[in-house]
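Asks: Protein chains in written order, with the numbering used here: chain A, 237 to 639; chain B, 237 to 639.
#1: Can you tell me where the beta strand (DSSP E) holding residue 608 of chain B begins and where it ends?
#2: Among B:364, B:396, B:298, B:560, which has the Cα closest to the Cα of residue 537 of chain B?
#3: Run the CB neighbour count on residue 470 of chain B, radius 10 Å, all protein chains shown included, and call it buried at 16 or more, exposed below.
#4: Quick check on this structure: which residue in B:313, B:354, B:597, B:363 has the alpha carbon closest to the alpha carbon of residue 251 of chain B?
#5: Report the neighbours of residue 493 of chain B on chain A: residues whose CB is nearer than 9 Å to its CB, in chain order.
#6: Looking at residue 545 of chain A: is its Cβ nearer than 8 Å to the Cβ of residue 274 of chain A?
#7: Please confirm whether residue 546 of chain B has its beta-carbon closer than 8 Å to some beta-carbon of chain A.
#8: In chain order, what residues of the same chain have a beta carbon less than 8 Å from the beta carbon of residue 624 of chain A, not counting five sequence neighbours either side?
#9: Whole angstroms is fine: what's the gap from residue 542 of chain B's alpha carbon to residue 615 of chain B's?
#10: Should residue 482 of chain A go down as buried or exposed, given a rule of 16 or more other Cβ atoms within 10 Å for buried?
#11: Got a sec: is the Cβ-Cβ distance from residue 301 of chain A to anything in chain B below 8 Å?
#12: Report the neighbours of residue 413 of chain A on chain B: residues whose CB is nearer than 8 Å to its CB, in chain order.
#13: According to DSSP, simplified to helix, strand and coil, what is residue 504 of chain B?
#14: With respect to the beta strand (DSSP E) encompassing residue 571 of chain A, which residues constitute its N-terminal and C-terminal limits?
#15: Are the C-beta atoms of residue 500 of chain A and some chain B residue less than 8 Å apart?
#16: Can you list, in chain order, the residues of its chain whose CB lies under 8 Å from that of residue 351 of chain B, leaving out five sequence neighbours each side?
#17: Hey, residue 389 of chain A and residue 381 of chain A: beta-carbon distance below 8 Å or not?
#18: Measure the alpha-carbon distance for residue 511 of chain A versus residue 387 of chain B and round it to whole angstroms.
#19: If distances are taken between C-alpha atoms only, which option among A:493, A:318, A:529, A:570 comes closest to residue 558 of chain A?
#20: Does the beta carbon of residue 346 of chain A come closer than 8 Å to any beta carbon on chain B?
#21: Do we get a CB-CB distance below 8 Å when we pair residue 504 of chain B with the residues of chain A?
#22: Can you tell me which of A:286, A:429, A:604, A:298 puts its alpha carbon nearest to the alpha carbon of residue 297 of chain B?
#23: What span of residues does the alpha helix (DSSP H) with residue 599 of chain A cover, start to end?
#24: Mark residue 490 of chain A as exposed unless 16 or more other C-beta atoms lie within 10 angstroms of its C-beta, in which case mark it buried.
#25: Which bits of chain A does residue 291 of chain B rub up against, with CB to CB less than 7 Å?
#26: Given a cut-off of 8 Å, decide if residue 635 of chain A and residue 562 of chain A are closer than it, judged by their beta-carbon atoms.
#27: Taking just the CA atoms, how far does residue 300 of chain A sit from residue 610 of chain A?
#28: Determine which residues of the segment 297-322 of chain A have a Cβ less than 8 Å from any Cβ of chain B, and write them out in chain order.
#29: State the DSSP-derived secondary structure class of residue 357 of chain A, mapped to helix, strand or coil.
#30: When you compare only the Cα positions, how much space is there between residue 567 of chain B and residue 354 of chain B?
#31: Going by the DSSP bridge assignment, what does residue 437 of chain A pair with across the sheet?
#32: Taking the alpha-carbon positions, what's the residue 278 of chain A to residue 612 of chain A distance?
#33: Under the three-state reduction of DSSP, which class applies to residue 272 of chain A: helix, strand or coil?
#34: Between residue 449 of chain A and the rest of its own chain, which residues show a CB-CB distance below 6 Å, the 5 nearest in sequence each way excluded?
#35: Bridge partners for residue 333 of chain B per DSSP, in chain order?
#36: Can a CB atom of chain B be found closer than 8 Å to the CB of residue 278 of chain A?
Structure (structure tokens):
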């Protein structure tokens with residue numbers, strides 16, 4: 237007789253590497269220590285007031301189900317946003333509202349790949365892709381990118397070498413979490429050619445689409461030849477600093493894909509109603525909001541880049557998008573160092589939390605010296621946080637190698 | 237080379253049978269026809285004011301991520317609710333907030349079964365289970381229950397006959413959607429004995445736990461022998477008439493199960509923040525809310541039961557819970573009849589929508605004469621809706637069999 241045990245799927249699902257040191261951070265906080273969170277992408281930028289006002293103005297007496305593909309007013313406003321971005325040929329039925337970018341990724345993966353099938357990803361990558369793939373029984377096949385090249389896409393041959401008869405899609409994320417790299421049109425052209433040659437879907441995670449400091453965002457939606465292959469996944473979480481709203485969307489001109497994600501959407505009934513009402517109001521948020529936000533993040537990026545590069549032994553290339561960077565630290569095990577910062581190291585009763593690199597790689601042994609830094613704090617806090625890192629490195633390495 | 241096509245998983249996922257006639261209803265509405273929705277479980281009861289007030293009072297400037305297992309205040313209030321229900325030994329770490337009952341079911345299924353494995357369900361059942369199972373690559377194995385017995389559980393042998401070496405769990409729903417049947421302790425004891433004998437999980441969908449008109453709700457949480465086997469799935473959608481909030485939870489004393497669903501939860505980051513804040517306030521809603529609601533639904537059930545049984549040829553047993561009943565109509569194909577009501581039949585420019593039975597069965601050929609009726613309208617509207625059904629049956633059968 238079999239034992240009462242959880243599924244293999246459950247065993248295959250990794251705990252979030254971004255959140256797994258949380259227990260040590262919580263302990264430090266309980267002891268009264270201030271922890272600077274450079275580990276998570278929770279911006280401090282205010283959510284537009286329009287959002288809260290719309291929610292407050294809502295006066296229906298019953299908080300009812302909405303349509304499975306999203307409230308009409310939100311769908312309409314999102315469409316307007318993408319039309320304004322230049323993708324004027326997106327039609328109403330080519331957009332579905334999802335419960336955050338998370339659900340957009342899960343549904344897109346599930347729509348193109350069955351259990352046992354494969355999706356190619358570029359590592360380092362957003363670790364929650366691992367969770368979604370494990371939940372869906374899909375195998376993520378990593379193609380490595382390197383700190384030395386600023387995590388740019390590798391040669392076409394290196395990508396094609398990973399394609400098997402089980403490969404169903406290539407997943408790209410631009411601007412990239414965790415590297416901050418913005419794919420240029422040449423790189424996207426390579427993805428396009430591979431996708432067309434091998435009949436693969438391209439799942440494009442563009443939740444940081446507004447966060448481009450240099451160059452231009454090359455959306456998958458701007459490649460007409462990929463109309464049937466492209467599935468764009470988006471979220472309002474970062475664009476409007478509304479992470480808690482859990483509102484995202486999927487866009488595809490592939491009719492079967494949209495029919496399929498709608499069936500998944502019908503199973504879960506609808507995204508949250510009040511948060512959709514808030515999100516629908518955001519179309520009224522002026523371009524100034526984006527511009528101010530972009531200016532602020534550019535300032536932060538420049539600041540933390542300068543601060544980090546001045547630390548002896550730390551290596552980092554300046555990324556041009558999102559609000560993350562991967563940083564190489566002069567330590568043997570970044571996981572040990574990150575944990576030690578939380579458990580053992582304090583400067584004026586403060587410490588800094590970073591997200592260890594290995595969790596962003598699927599290939600074992602990679603990312604051992606890297607960490608993801610999210611520059612989502614104001615510059616003053618970041619100054620202190622980086623100072624703590626610098627002092628911590630000194631103490632950690634002195635302590636480790638003896639004196 | 238393979239074709240660019242969606243996943244087999246996508247093909248396996250059924251469209252919602254409850255929502256699939258929606259296109260005909262929409263068309264009727266466009267023509268100015270009033271449609272009475274007896275097909276969906278969207279209650280008209282007001283959501284408690286506490287919910288909206290809490291959301292309005294929320295004054296944080298950044299709508300931030302919450303913890304993956306839910307906001308502490310909501311977790312705490314839900315725990316209090318279950319303690320008050322008599323399950324006083326549920327601990328904090330044994331409860332996780334989910335994005336609605338939908339996610340509770342999906343995560344629970346995924347935690348206990350891998351792609352290709354099986355879960356036993358009693359048909360007719362909530363059709364979205366099909367969607368979740370298809371998404372997860374799990375096979376639902378139906379055990380039939382019958383209109384003649386009021387959809388009570390069949391003999392133990394009939395259930396055990398469906399157990400294979402791939403069976404991982406039995407899924408029960410009590411009070412039941414779509415039948416309204418409330419499982420008694422004897423029936424739950426049979427489930428218990430089978431689960432213990434074969435080492436199976438019991439996934440218990442109790443979102444209608446407050447809707448019991450006669451008898452008593454036998455929660456899976458009230459069977460201490462099943463501590464390790466039991467996974468309870470719940471939602472505030474029906475209990476507080478807050479379907480759009482998308483707030484539910486999973487409770488289990490099995491540590492591995494809770495660790496696993498938390499990993500799934502980390503992948504999707506968190507449930508919606510504002511709606512959790514609203515939900516956390518509901519603990520202040522007095523018992524009078526439940527009592528009034530229960531009185532109202534009991535009145536509606538009695539009313540629609542009387543009205544339906546007075547129609548020649550219609551058969552229905554009076555259910556004792558939830559707000560649904562399965563009704564047998566004197567027609568060959570309920571799907572054809574339900575569609576015809578929307579496309580061809582009007583009384584004073586009004587018609588009635590019902591949910592055809594076959595979508596609630598996994599065995600083909602079953603439910604051809606049955607429909608699910610949700611008695612979520614006030615009695616006046618239900619009077620009109622049932623009159624339309626009665627007249628419709630007469631015209632439909634006369635027209636069909638000629639005169």
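Here a beta-carbon is modelled for each residue, glycine too, at the ideal position from N, C-alpha and C.
Replies: Per the coordinate set shown:
#1: 606-610
#2: B:560
#3: buried
#4: B:363
#5: 242, 246
#6: no
#7: no
#8: 272, 577, 581, 583, 586, 587, 588
#9: 12 Å
#10: buried
#11: yes
#12: Per Cβ cutoff of 8 Å: no residues; residue 413 of chain A is ~13 Å from chain B at best.
#13: coil
#14: Looking at the DSSP string, residue 571 of chain A is not in any beta strand (DSSP E); the run it does join, the alpha helix (DSSP H), is 570-579.
#15: yes
#16: 372, 373, 374
#17: yes
#18: 39 Å
#19: A:529
#20: yes
#21: yes
#22: A:286
#23: Unbroken run through residue 599 of chain A: none, as it is neither H nor E.
#24: buried
#25: 291, 510
#26: no
#27: 37 Å
#28: 297, 298, 299, 300, 301, 302, 304
#29: strand
#30: 34 Å
#31: A:405
#32: 7 Å
#33: strand
#34: 534, 556
#35: B:485
#36: yes
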